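Everything below concerns the one structure shown next.
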Amino acid sequence: MPRVSPRPTSALSVVLMLALAGPAAAFRPNIPLEVVPLGDPGTFEVIESRGAGPSHIWCVAADHARRVLGAAGTDRIYLATPRGPSQAMPGRKALGFAMSPAPANVAPAGTKPILGGILLAQMQAGSSLSVATALQYCTDHIETD
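My numbering applies: residue 97 is where the sequence shown begins, and numbers increase by one.
Here it is as structure tokens:
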């Protein structure tokens with residue numbers, strides 16, 4: 097009887113296994129950015145560093161919201177303050193996030209900033225993503241436990 101050798105596991109199948117495993121499969125993005133809580137509950141800064149781009153920053157913000165703040169995948173993360181001087185670390189650049197929108201940052205219907213693809217770089221105050229969507233930006237930077 098001929099022997100059948102197993103197929104090598106592709107990266108896609110590994111990602112699918114992690115997604116289907118749910119909360120039991122712990123992962124952490126391998127993005128060395130600092131997250132600093134701010135004064136109000138559910139607010140924090142992601143400190144910019146090492147050439148991190150928007151996908152890195154949203155990934156880290158979502159990971160913090162999920163692991164530290166206990167956010168569900170359907171909860172939204174709002175960009176409260178676009179890239180600028182850090183409130184927590186003088187001399188550094190940061191982006192401020194919140195788990196609820198600031199009234200001044202809520203855009204009228206039909207004019208909300210669009211995120212995704214190339215437009216992800218347009219990180220304006222009031223922009224938001226669900227935790228689950230933002231975690232999708234982590235797929236290139238995963239370390240499994």
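Glycine residues also receive a C-beta, built at the ideal position from the N, C-alpha and C atoms. Just so you know, these numbers come straight off a predicted model, no measurement behind them.
- Note that the C-beta distance between Ser224 and Leu175 is below 8 Å.
- Exclusion of the five residues before and after Leu231 leaves Ala158 as the residues of its chain whose Cβ lies within less than 6 Å of its Cβ.
- The C-alpha of Thr235 is placed about 30 Å away from the C-alpha of Gly135.
- By the Cβ-count criterion, Met185 is exposed, with fewer than 16 other Cβ atoms from all chains shown falling within 10 Å of its own Cβ.
- According to the DSSP assignment, Ala230 belongs to the alpha helix (DSSP H) that extends over 227 to 231.
- Per DSSP, the continuous beta strand (DSSP E) segment holding Ala190 begins and ends at 189 to 194.
- Your pair Gly138 and Ser196 checks out as a contact, with CB atoms roughly 6 Å apart and the cut at 8 Å.
- In the three-state scheme derived from DSSP, where H, G and I count as helix and E and B as strand, Pro197 is classed as coil.
- Under the three-state reduction of DSSP, Ala161 is assigned to helix.
- Taking 8 Å as the cut-off, the beta carbon of Ala221 is found no closer than this to the beta carbon of Gly169.
- Counting along the chain, no beta strand (DSSP E) covers Ile127, and no H or E run does either.
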